[in-house]
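Under our numbering, the residues of the sequence shown are numbered 29 to 1215, in order.
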Amino acid sequence: MLKKKNISASKASLVLFLCQIISALDVPLDSKLLEELLQPPTITQQSPKDYIVDPRENIVIQCEAKGKPPPSFSWTRNGTHFDIDKDALVTMKPNSGTLVINIMNGGKAEAYEGVYQCTARNERGAAISNNIVIRPSRSPLWTKEKLEPNHVREGDSLVLHCRPPVGLPPPIIFWMDNAFQKLPQSERVSQGLNGDLYFSNVQPEDSREDYICYARFNHTQTIQQKQPISVKVFSMDSLNDTIAANLSDTDIYGAKSVTERQPVLLTPTGSTSTKVELRGNVLLLECIAAGLPTPVIRWIKEGGELPANRTFFENFKKTLKIIDVSEADSGNYKCIARNTLGSVHHVISVTVKAAPYWITAPRNLVLSPGEDGTLICRANGNPKPNISWLANGVPIAIAPEDPSRKVDGDTIIFSHVQERSSAVYQCNASNEYGYLLANAFVNVLAEPPRILTPADKLYQVIADSPALLDCAYFGSPKPEIEWFKGVKGSILRGSEYIFHYNGTLEIPVAQKDSSGTYTCVARNELGKIQNEVQLEVKDPTMIIKQPEYKVIQRYGQVSFECIIKHDSTLLPTVIWLKDNDVLPDDERFLVGKDNLTIMNVTDKDDGTYTCVVNTTLDSVSASAVLTVVARPNPPFDLELTGQLERSIELSWIPGDENNSPITNFVIEYEDGLHEPGVWHHQTEVPGTQTTVHLKLSPYVNYSFRVIAVNEIGRSQPSEPSEQYLTKSASPDENPSNVQGIGSEPDNLVITWESLTDFQSNGPGLQYKVSWRQKDVDDEWTSVIVANVSKYIVSGTPTFVPYEIKVQALNDLGYAPEPSEVIGHSGEDLPMVAPGNVQVHVINSTLAKVHWDPVPLKSVRGHLQGYKVYYWKVQSLSRRSRRHVEKNILTFRGNKTFGMLPGLEPYSSYKLNVRVVNGKGEGPASPDKVFKTPEGVPSSPSFLKITNPTLDSLTLEWGSPIHPNGVLTSYILKFQPINNTHELGPLVEIRIPANESSLILKNLNYSTRYKFYFNAQTSVGSGSQITEEAVTIMDEGKMAMASRQVDIATQGWFIGLMCAVALLILILLIVCFIRRNKGGKYPVKEKEDAHADPEIQPMKEDDGTFGEYSDAEDHKPLKKGSRTPSDRTVKKEDSDDSLVDYGEGVNGQFNEDGSFIGQYSGKKEKEPAEGNESSEAPSPVNAMNSFV
């Protein structure tokens, strides 16, 4: 069973469909199909039921209809046939039922008032229009009337009546003056719904003679004016004066002044009223009250709430407006007018009636012969409407009989219809408030299937989205629809497909494999037809790199990325939006392929930026916010308040923070009296504070400015505040940093930091300098000075303490009493050297020195410390003397010992100690001699290896530069090294201290050795020096190598090597043949032994190379030896001799075959690499590198 589902409006195809009822057919609005199918008339356009026309223009009564064959039109007027051919002023438009009544050629609109109805008829039925009531608009003039002036007492209420002429439609009322200016309205004066002007209480300013009511008739675009109304308001004071002038003294008079009155309703009158409104209209309720003070209006609904979202208050809450009212809005609405003296209320009982409205309007039926169907006409209203049926415009009771038709109240049931059953039925629903008329045809057709969707139509969708494949069809009886995929596919079934009533196939979640050809088949009893459509499923467009939130400083540069991925067959377009609008037309905005760059960012660039990617099938977007930050704008409107002698209040208004909150405000001041133009820091306050209490100093002409600070930086300073000059006063503080230090042994120099002009507090700033010797019963000696910060007292004893104080004063008095400081007169050099100097030697490089402190009186100044002078006299291992370089160590304070580091072992030293004060050093203590013990020696000064032979090397060395004691011996260690840098057994030799050379014999030939050499004293061994050297080759082997070199220089051999390099496969075959032809050793043994022919293993026992064993040596060869099994080396095997038995790139030969290799000592490094890399390869080596 096919699953069917109504297609949603958003998924509707381009082909529109008529609504379907029960089993009726849908007739697509296909122009070609409609031209071929018979169809009863359908009214498509008509004039409104209540049609008010302009009497000055032609009357056009519309009536348009469609049908097949095209319908003919006729009209009735006031229920009888309207013969348009008999009226020359009336014409009907061609191919239309629209009437044109030519009023402009002498006709009178009033003559054509009436009720008109249009009928459209063809062979299949007749459709009728609504009853169209034609009425010409009217805008009559105001009747002439004599208007008396309105004399009103101040505070009384007043109503100015408009009473406009009755027009069609009713006019719009408004009040103006002679200058055509609208009269002002308020809670006190306002216009009512009936057009009258209401005064809750009049005031003297209401007096005027030009209150004019205007009526605007929109239909005729005319405005009618009422005669001006005069209002004169008299006050109680003027009334009393008038009465007093006309009455005698014995008369009683004296009108009261304006009195307040409680509210009274001007409209509506009474305590209750009723109101009927129709469903769907706007309900307007009004309450206007008199009273003094002016009453305030409030609205409530008794027993309920005013409807939310539909309730509005107008005319200063005097009018309650509820839109789109329904039966639920019926009830009692109370308005309450209240002032300070009391209140009054009025209840309006609202009843909501309803003209007929549709519940189910009848819909067209297209049936096949023999089918059944129904027409349903259901309406509601208040009161409930009456339902009546017509057939082809005739009441159904008197219409021709149709055996297939049965009327059941609001429903007509059709059974086994035939083509003669085709007709147009009208349903009329009416009550006292109006009527509804609907046409619905029954069209009986017999048609074979037709598919209206174009053949091979291409549908493209995005993967994972729905695919809707149309199969718009028609046929009568209604065809059955089936879908197939592919040329020979089976019928589509299952939950992955949805089959809609209109033939559309829906694939709810299309995938890439959903692409292909789909076939729609439509069949009924009259035939069968099919159509193919194509579906392509595309990859979705994605934004794989979205723009990100950015915070940028003003005038900076910012970029948003938008990198996309899309189907290769779709062409995407990328647009950028700012705040959902196009980008500003500004050259600072640079749109790239994958980004948007904004240069020189300004504040107006702040906002949300959206990258929108569109293809023909989908659209994606991503947004990011740009926040432009900057230093805050400067504060403004600085104001000084609360001025006192020593304080003031400063307030300001912050400037724009520019998207970065203000963290604090900096307040600065300028002293216009002493330092004009120079701004000083006063204080800081948090960014939430805009007022600060500032402490002031006397005798300053203050100006203030404020600087705002945020994370970006400081704003420009605000404009300066007004100036404020404080009064003079005596100084609040004394000079700081008072000191007394003698520059000579017989003086005392008193210094201080002077007060600034700001600190002076007044004119005439001076200083009173006072001093006296401490601990001596002396009087203070004082002197007053100005414009200086130093005073010298002469003739003082050497280095004695003094009490000192400096006090500020000005023309208004002295500063507070200053605090005293202790100073000293001048110092002299110490008189005594430290005594009892002792030295304790800790080790060969460190000693500790002790001494007794010098008495403080003999220091004659501030004790700064002690200096130890020490120097090396001579080395005990060498008797030679050298230049004496003294070392000095200073020990701060009253220290009596110190450490002497960095001494040389086995040496003789002297030292002395001196005391130090601020003036200099005292005399030295007697020299103290001490000696350091032996230590380990330094490394030998050099190690040379010369005269290499086949089995010996000569070693020469120099004694250590620093023996640090008596040398007892030298230690020599050595071991062989093979080409893989592996070390052999270590041999150690002890050599007497008086030797300087040694010949090592019984070494292996062509072998590299590493030597370790150091000296010893009785304390131990010193640091070692290392060198490497190689014994030379056997001459027989060298001759073979020489011959190999000669062969390698031949032209044929070089050519062979080039061929080998170019043809690797031929080279391997030739090598295999040559190896087998030699018959000395298998090739595999050589390959297993030597991954690289230049790297040879060493024997484990003596470190020599395996190929280098002598003929008399019967030790087994190590794995990797290339010597034949008879332990001889033949000339035929000389192809491998240089690589197999030489030192590789470490050995070189001159023209006569002698060894010229030279070795230099190296410090614990890998010995072979450096030499190997510097050697130029020989042709023979190159050849062997291939084999």
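Note that CB positions come from ideal geometry on N, CA and C, so glycine has one too.
This structure is a prediction, so every number in the text was calculated from the model and none was measured.
Whether residue i touches residue j by CB criterion (9 Å)
i       : j       : result
Pro-197 : Gln-252 : no
Glu-845 : Arg-800 : no
Phe-262 : Arg-181 : yes
Pro-192 : Lys-136 : no
Asp-684 : Asn-661 : yes
Tyr-501 : Arg-521 : no
Val-304 : Lys-381 : yes
Cys-315 : Cys-241 : no
Ala-419 : Ala-457 : no
Leu-618 : Ile-676 : no
Val-887 : Ala-861 : no
Ala-154 : Val-452 : yes
Rounded separation between residue i and residue j - CA only
i        : j        : result
Ser-214  : Leu-294  : 16 Å
Thr-630  : Ile-351  : 47 Å
Pro-323  : Thr-300  : 19 Å
His-878  : Lys-956  : 11 Å
Lys-578  : Thr-625  : 12 Å
Asp-665  : Trp-604  : 42 Å
Gly-1131 : Asn-1022 : At Gly-1131, the pLDDT of 38 sits below 50, so the modelled position is not reliable; the number obtained from the coordinates is stated separately. C-alpha separation (whole angstroms): 31 Å.
Trp-985  : Tyr-1037 : 17 Å
Asp-803  : Pro-829  : 8 Å
Tyr-752  : Val-849  : 38 Å
Glu-510  : Leu-403  : 30 Å
Pro-704  : Glu-698  : 7 Å
Ser-746  : Ile-735  : 6 Å
Ile-424  : Arg-152  : 16 Å
Glu-913  : Leu-995  : 26 Å
Glu-355  : Ser-377  : 13 Å
Thr-826  : Tyr-795  : 26 Å
Gln-73   : Glu-399  : 31 Å
Ala-483  : Lys-60   : 16 Å
Lys-593  : Gln-710  : 60 Å
Leu-225  : Phe-202  : 9 Å
Ile-681  : Gln-717  : 10 Å
Glu-750  : Thr-669  : 11 Å
Leu-334  : Ser-371  : 21 Å
Asn-815  : Lys-923  : 44 Å
Residues near residue i by beta carbon distance below 6 Å, same chain, minus five either side
i       : result
Asn-106 : Gly-142, Val-143
Pro-965 : Pro-988, Pro-991, Asn-992, Ala-1043, Thr-1045, Gly-1050
Ala-318 : Ser-185, Ser-228, Val-292, Leu-294
Leu-486 : Gln-562
Lys-174 : none
Val-375 : Thr-300, Asn-360, Lys-362
Asn-410 : Lys-381, Ala-382
Val-422 : none
Own chain residues within Cβ distance below 8 Å of residue i, not counting five before or after
i        : result
Asp-492  : Val-537, Ala-538, Gln-539, Pro-568
Ile-778  : Val-766, Gln-767, Gly-768, Val-797, Trp-799, Lys-818, Tyr-819, Ile-820, Val-821, Ile-832, Val-834, Gly-851
Ser-543  : Leu-563, Glu-564, Val-565
Gln-574  : Glu-589, Cys-590, Cys-639, Ala-650, Ala-652
Val-1015 : Lys-1001, Phe-1002, Gln-1003
Contact set for residue i: own chain, Cβ-Cβ below 7 Å, skip 5 residues either direction
i        : result
Lys-1112 : In this predicted model, Lys-1112 has a pLDDT of only 38, less than 50, meaning its place in the structure is not dependable enough to derive any value.
Gly-635  : Lys-606, Asp-607, Leu-654
Identified DSSP bridge partners for residue i
i       : result
Ile-201 : Ala-243
Ile-519 : Phe-512
Trp-808 : In DSSP, Trp-808 forms no bridge with anything.
Assumed close pair residue i, residue j - CB separation to whole angstroms, cut-off 8 Å
i       : j       : result
Ser-771 : Pro-726 : With a Cβ gap of about 37 Å, Ser-771 and Pro-726 do not count as contacting.
Thr-147 : Phe-101 : 7 Å
Gly-790 : Asp-839 : 6 Å
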